[in-house]
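Sequential numbering of the sequence shown, starting at 3, is according to this note's numbering.
Just so you know, even glycine gets a beta-carbon here, dropped at the ideal spot from N, CA and C.
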Amino acid sequence: MLYLDSPRLTPIAGRAEGGMMMDSKWLIVLGAVVAIIALAILPGILTDHVEESGTLIDAGHFAVDRNGIRILEERYTLFSHPVEGYMLLSQGEVTIGGQPISLAQQTGYDLDFHPTLYNLAVGTRSDSQIISAQAGPEGISMEVRHGTSSKTGSIPDTTNIALLDNNIIGHYVVLLMAIRAEALDREFVAAIPQGLLSLPAEITGPNTTEFRSGDNTYPGKRFDLQLGDIKIVLIEHSGHLVGVIDRTQGTVAYDVDRFPNGIELIEEERPEEEGTIEHEITFASDRLTIAGIITLPNGGTPPFAATLFIGGSGPVDRDGNAPGLLTDSYLQLAHALAEAGIASLRYDKRGVGKSEGDLSSASRADLIDDARAALAALRAQSEIDKDRIFLIGHSEGAYLAPIIAAEDDTIRGIVLLAGAARPLDEITRWQIETLLRMQGASEEKIAASLAQEDQYIEFVKGSSGEWSDYTYADLQRAMPWLSEQAATQMTGSSLSLSWLREHYTADPTGPLRLLRMPVLIVNGEKDLQVPAEEADLIREAIEENGNQDVTVYVLSDLNHLLRHHPDAPSLVYRHLDEPVDPRLIDILTGWAVERSANR
Numbered sequence: 003m004l005y006l007d008s009p010r011l012t013p014i015a016g017r018a019e020g021g022m023m024m025d026s027k028w029l030i031v032l033g034a035v036v037a038i039i040a041l042a043i044l045p046g047i048l049t050d051h052v053e054e055s056g057t058l059i060d061a062g063h064f065a066v067d068r069n070g071i072r073i074l075e076e077r078y079t080l081f082s083h084p085v086e087g088y089m090l091l092s093q094g095e096v097t098i099g100g101q102p103i104s105l106a107q108q109t110g111y112d113l114d115f116h117p118t119l120y121n122l123a124v125g126t127r128s129d130s131q132i133i134s135a136q137a138g139p140e141g142i143s144m145e146v147r148h149g150t151s152s153k154t155g156s157i158p159d160t161t162n163i164a165l166l167d168n169n170i171i172g173h174y175v176v177l178l179m180a181i182r183a184e185a186l187d188r189e190f191v192a193a194i195p196q197g198l199l200s201l202p203a204e205i206t207g208p209n210t211t212e213f214r215s216g217d218n219t220y221p222g223k224r225f226d227l228q229l230g231d232i233k234i235v236l237i238e239h240s241g242h243l244v245g246v247i248d249r250t251q252g253t254v255a256y257d258v259d260r261f262p263n264g265i266e267l268i269e270e271e272r273p274e275e276e277g278t279i280e281h282e283i284t285f286a287s288d289r290l291t292i293a294g295i296i297t298l299p300n301g302g303t304p305p306f307a308a309t310l311f312i313g314g315s316g317p318v319d320r321d322g323n324a325p326g327l328l329t330d331s332y333l334q335l336a337h338a339l340a341e342a343g344i345a346s347l348r349y350d351k352r353g354v355g356k357s358e359g360d361l362s363s364a365s366r367a368d369l370i371d372d373a374r375a376a377l378a379a380l381r382a383q384s385e386i387d388k389d390r391i392f393l394i395g396h397s398e399g400a401y402l403a404p405i406i407a408a409e410d411d412t413i414r415g416i417v418l419l420a421g422a423a424r425p426l427d428e429i430t431r432w433q434i435e436t437l438l439r440m441q442g443a444s445e446e447k448i449a450a451s452l453a454q455e456d457q458y459i460e461f462v463k464g465s466s467g468e469w470s471d472y473t474y475a476d477l478q479r480a481m482p483w484l485s486e487q488a489a490t491q492m493t494g495s496s497l498s499l500s501w502l503r504e505h506y507t508a509d510p511t512g513p514l515r516l517l518r519m520p521v522l523i524v525n526g527e528k529d530l531q532v533p534a535e536e537a538d539l540i541r542e543a544i545e546e547n548g549n550q551d552v553t554v555y556v557l558s559d560l561n562h563l564l565r566h567h568p569d570a571p572s573l574v575y576r577h578l579d580e581p582v583d584p585r586l587i588d589i590l591t592g593w594a595v596e597r598s599a600n601r
């Protein structure tokens with residue numbers, strides 16, 4: 003969904019002053035990618051020390067899966083001492099793009115479960131990074147070190163705080179102990195040293211639940227944790243934490259020793275919205291089966307006018323959700339349209355949700371073909387009026403929808419949400435410069451970062467094949483500044499090299515100039531992924547050949563995920579629990595109803 007899914011803009015740990023930048027939002031979203039090393043000998047030393055003076059009270063061996071693929075394994079041990087408090091130790095390994103990243107961490111707590119110290123490191127065979135936190139009289143100080151460079155942060159209040167760093171399972175074990183001991187309020191502050199930040203948090207439970215492992219069903223206790231906009235479910239069984247389900251990142255962590263077949267939470271199905279009728283469909287594209295859902299008005303007489311949703315970049319499902327971002331944006335828009343009498347089709351991108359395929363090998367042309375197949379599937383539905391079909395493209399989808407509409411003059415209208423008229427490489431340069439200026443970077447730093455981005459763009463435009471066709475040495479020849487760790491994430495991205503190349507070399511204004519149908523354009527002033535002024539550039543391209551039926555809105559306080567964002571512009575999305583901006587819903591439904599009227 004986000005242009006920032008570009009591998010250059012979502013580093014495991016990007017560059018900071020004099021080194022690598024640590025972007026806290028992306029560290030939360032991509033926490034499953036972050037692991038730990040440099041304490042290579044400390045775990046053994048600390049374990050020996052703790053075993054001599056403390057008591058082992060808990061241990062676990064967890065795997066972390068995303069979409070059925072194991073991305074991380076971690077073992078933890080927790081010791082207690084009647085005077086010194088608690089010591090948590092973890093070790094493990096994650097593999098990204100064939101590159102192993104080892105992990106080790108230590109966290110100390112006092113007798114009331116307040117964190118006192120934390121050491122964590124992340125690295126490959128040739129690159130490493132250390133994250134630390136220390137409690138003191140003025141709060142918790144945090145530091146991220148990479149080579150000779152460092153970046154620091156602090157949290158002034160330690161009276162009601164829990165340490166919940168990315169994918170450190172033992173931190174959740176201690177959290178539940180603190181909650182049960184009433185040593186921590188249900189509403190508290192979560193420290194996330196990897197991101198050098200803190201987030202408001204709230205935990206509820208325990209509530210009874212059931213979960214499935216293999217062919218068996220088990221009873222459990224469920225805690226629901228709200229961590230900023232991140233939703234996490236903690237599952238206990240027989241007094242042990244056995245599951246950590248991160249709904250936002252799309253990960254499931256489970257105790258491998260107790261449940262080697264993984265766990266699946268059993269939940270009630272989401273009730274069908276009043277005013278809508280939905281049914282699943284599948285259709286073929288490139289010998290793949292793509293899954294989607296038809297939403298119909300619950301009332302009225304078919305055939306209905308209908309819309310096809312074309313989602314943004316990355317692993318986006320039919321509802322507009324991706325690992326790291328649970329938005330339900332497309333679902334909410336589809337239901338609003340149904341209540342206004344307009345049907346829709348939303349579909350899971352290839353390799354996402356219930357759709358077959360591998361998104362990481364999909365080109366831009368492949369995704370256009372999938373959208374064409376979805377349009378044909380929508381037209382084939384008996385409840386749909388084939389002459390009253392609209393396209394709705396969001397983010398990357400706003401690049402693709404005009405291509406399809408330009409070749410099909412039966413499309414009744416097209417809606418472009420958070421779209422751009424300039425190519426993706428120009429948009430990513432704008433993103434980098436905007437983000438650095440927000441962080442107060444010097445002009446020299448901005449110029450250096452943009453120079454690196456230009457080298458990356460030049461490589462992508464001149465490339466052939468896919469990431470797997472290039473070695474680290476190949477990439478470093480084109481980008482001498484590229485670390486092995488950053489190269490690992492780059493080549494392991496869910497965005498294929500052909501996808502990037504096709505976007506970087508495309509001219510989005512070409513299809514826009516061919517549009518003859520009504521067009522609605524909505525962009526947001528608080529969008530940090532697409533400049534608000536792109537809306538006027540899109541309009542100018544469409545009107546160039548005489549199409550005057552173009553409606554443009556640039557909404558104040560609207561962000562890229564279509565939420566009302568009254569705060570300062572930020573890449574940390576703090577309003578995902580709120581519905582899609584009502585102004586957008588009113589604009590979209592009103593425009594679609596007017597343009598879909600029989601004529």
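What distance in whole Å lies between the Cβ atoms of S331 and L564, which are believed to be in contact at a cut-off of 8 Å?
-> Position 562 of the sequence shown, counted from the start, is the residue given in the question as residue 564. Position 329 of the sequence shown, counted from the start, is the residue given in the question as residue 331. Contact holds; Cβ gap of about 5 Å.
Take D259 and list the residues in its own chain whose beta-carbon comes closer than 6 Å to its own, dropping the five residues that flank it on each side.
-> Within the sequence shown, the letter at position 257 stands for residue 259. Only H63 meet the Cβ criterion.
Work out the CA separation of E486 and G156 for me, nearest whole Å.
-> Numbered from its first residue, the sequence shown carries residue 156 at position 154. Numbered from its first residue, the sequence shown carries residue 486 at position 484. What sits at residue 156 in the sequence shown is Ser, not Gly. Answer to the nearest angstrom: the Cα atoms are 30 Å apart.
Kindly provide the ranges of any beta strand (DSSP E) runs that are 3 or more residues long and lie completely inside the stretch 131–159, ordered along the chain.
-> 141–148 and 151–157
Beta carbon of Y256 nearer than 8 Å to that of G172 | By 1-based counting over the sequence shown, the position of residue 256 is 254. By 1-based counting over the sequence shown, the position of residue 172 is 170. Not in contact: Y256 and G172 (Cβ atoms no closer than 8 Å).
So, is N169 buried or exposed, given that buried needs 16 or more other C-beta atoms within 10 angstroms?
-> Working through the sequence shown from its first residue, we reach residue 169 at position 167. By the 10 Å Cβ count, N169 comes out buried.
Could you check if H281 is buried or exposed, using at least 16 other CB atoms within 10 Å of its CB as the buried criterion?
-> Working through the sequence shown from its first residue, we reach residue 281 at position 279. Result: exposed.
Mind checking who S200 pairs with in its DSSP beta bridge?
-> Taking the sequence shown and counting its residues from 1, the one referred to as residue 200 is at position 198. Paired residue(s): A193.
Which term fits H83, buried or exposed, when burial requires 16 or more other beta carbons within 10 angstroms of its beta carbon?
-> The count along the sequence shown starts at 1 and reaches residue 83 at position 81. It is exposed - the Cβ of H83 has fewer than 16 other Cβ atoms within 10 Å.
So, do the stretch 430–449 and the stretch 472–484 have three or more beta carbon pairs nearer to each other than 8 Å?
-> no
Would you mind sorting N561 into buried or exposed? The rule is 16 or more other CB atoms within 10 Å of its CB.
-> The sequence position of residue 561 within the sequence shown is 559, counting from 1. Buried: at least 16 other Cβ atoms inside 10 Å.
Let me know if T219 comes out buried or exposed under the rule of 16 or more other beta-carbons within 10 Å of its beta-carbon.
-> Counted from its first residue, the sequence shown places residue 219 at position 217. It is exposed - the Cβ of T219 has fewer than 16 other Cβ atoms within 10 Å.
Residue range of the beta strand (DSSP E) that includes F311 = Numbered from 1 along the sequence shown, position 309 holds the residue referred to as residue 311. Segment F306 to I312, the beta strand (DSSP E) holding F311.
Alpha-carbon to alpha-carbon, A340 and A375 | Numbered from 1 along the sequence shown, position 373 holds the residue referred to as residue 375. Numbered from 1 along the sequence shown, position 338 holds the residue referred to as residue 340. Rounded to the nearest angstrom, the two C-alpha atoms are 22 Å apart.
Let me know if S362 comes out buried or exposed under the rule of 16 or more other beta-carbons within 10 Å of its beta-carbon.
-> Sequence index remark: in the sequence shown, residue 362 carries index 360 (1-based). Result: buried.
Taking only the alpha-carbon atoms, compute the straight-line gap between A324 and D226 and give it to the nearest angstrom.
-> Position 322 of the sequence shown, counted from the start, is the residue given in the question as residue 324. Position 224 of the sequence shown, counted from the start, is the residue given in the question as residue 226. Approximately 20 Å between the Cα atoms of the pair.
Verify whether the separation of the beta carbon atoms of L426 and L380 is less than 8 Å.
-> For this step, residue 426 is matched to residue 424 along the sequence shown. For this step, residue 380 is matched to residue 378 along the sequence shown. It is not a contact, given that the beta carbons lie outside the stated cut-off.
My guess is that Y111 and P102 are in contact by the Cβ rule of under 8 Å, so how many angstroms apart are they, rounded?
-> Translated into the one-based positions of the sequence shown, residue 111 becomes position 109. Translated into the one-based positions of the sequence shown, residue 102 becomes position 100. That pair is no contact at about 30 Å.
In chain order, each alpha helix (DSSP H) run of at least 4 residues that lies wholly inside the stretch 469–531 = 474–480, 486–493, 499–507 and 511–515
Where I30 sits in the DSSP three-state scheme = On the sequence shown, residue 30 is found 28 positions in, with the first residue counted as 1. Its pLDDT being 31, under 50, I30 is placed unreliably in this model, and the value from its coordinates should be taken loosely. Correct three-state label for I30: helix.
Segment contact, 8 Å Cβ cut-off, at least three pairs: the stretch 485–501 with the stretch 352–362 | yes
Mind checking which residues open and close the beta strand (DSSP E) that includes V462?
-> If you number the sequence shown from 1, residue 462 lands on position 460. Taken as a continuous stretch (DSSP letters only), V462 belongs to no beta strand (DSSP E), being part of the alpha helix (DSSP H) at E445 to G464.
First and last residue of the uninterrupted alpha helix (DSSP H) at G399 = Here residue 399 corresponds to residue number 397 of the sequence shown, with the count starting at 1. It spans E398 to A408 - the alpha helix (DSSP H) in which G399 sits, taken as one unbroken run.
Taking 8 Å as the threshold, find out whether the stretch 441–461 comes into contact with the stretch 582–589 through three or more Cβ pairs.
-> no
Could you check if I405 is buried or exposed, using at least 16 other CB atoms within 10 Å of its CB as the buried criterion?
-> Within the sequence shown, numbered from 1, the residue matching residue 405 stands at position 403. Flag for I405 reads buried.
By how many angstroms is the C-alpha of A488 removed from the C-alpha of W28?
-> On the sequence shown, position 26 is the one that residue 28 refers to. On the sequence shown, position 486 is the one that residue 488 refers to. For W28, the predicted model reports a pLDDT of 31, less than 50, meaning its position is unreliable; a value from the coordinates is still stated below. Between W28 and A488, the C-alpha separation is close to 14 Å.
Rounded straight-line distance, which links the Cα of W469 to that of V602 | Outside the modelled stretch of the chain, which goes from 3 to 601, sits residue 602, for which no answer is possible.
For A367, does the three-state DSSP call read helix, strand or coil?
-> Residue 367 sits at position 365 when you count from the first residue of the sequence shown. Residue state, collapsed to three classes: helix.
As assigned by DSSP and simplified to three states, the class of S215 = Sequence index remark: in the sequence shown, residue 215 carries index 213 (1-based). In this structure, S215 counts as strand in the three-state DSSP scheme.
In whole angstroms, what is the alpha-carbon distance linking I73 and D129?
-> To locate residue 73, count along the sequence shown from 1; it is residue 71. To locate residue 129, count along the sequence shown from 1; it is residue 127. Using only the alpha carbons, I get a separation of about 19 Å.
Coil, strand or helix - W593 by DSSP | Counted from its first residue, the sequence shown places residue 593 at position 591. Three-state result, W593: helix.
Determine the extent of the beta strand (DSSP E) in which G421 is found, giving its start and end residues.
-> Residue mapping note: residue 421 aligns to position 419 of the sequence shown, counting from 1. G421 -> no beta strand (DSSP E), and no H or E assigned at all.
List the whole-angstrom C-beta distance separating T253 from V96, where the pair is believed to meet the contact cut-off of C-beta under 8 Å.
-> As a working mapping, residue 253 is identified with position 251 in the sequence shown. As a working mapping, residue 96 is identified with position 94 in the sequence shown. The Cβ separation is near 12 Å, so there is no contact.
Name the one or two DSSP bridge partners that R182 has.
-> For the purposes of this step, residue 182 is identified with residue 180 of the sequence shown, where counting begins at 1. According to DSSP, which records beta bridges pairwise, R182 is partnered with nothing at all.
Reduced DSSP secondary structure (H/G/I, E/B, other) of V582 | The residue you call residue 582 lines up with position 580 of the sequence shown. Coil at V582, not helix or strand.
For S444, does the count of other Cβ atoms within 10 angstroms reach 16, so buried, or fall short, so exposed?
-> Position 442 of the sequence shown, counted from the first residue, corresponds to residue 444. Per the 10 Å Cβ criterion, exposed.
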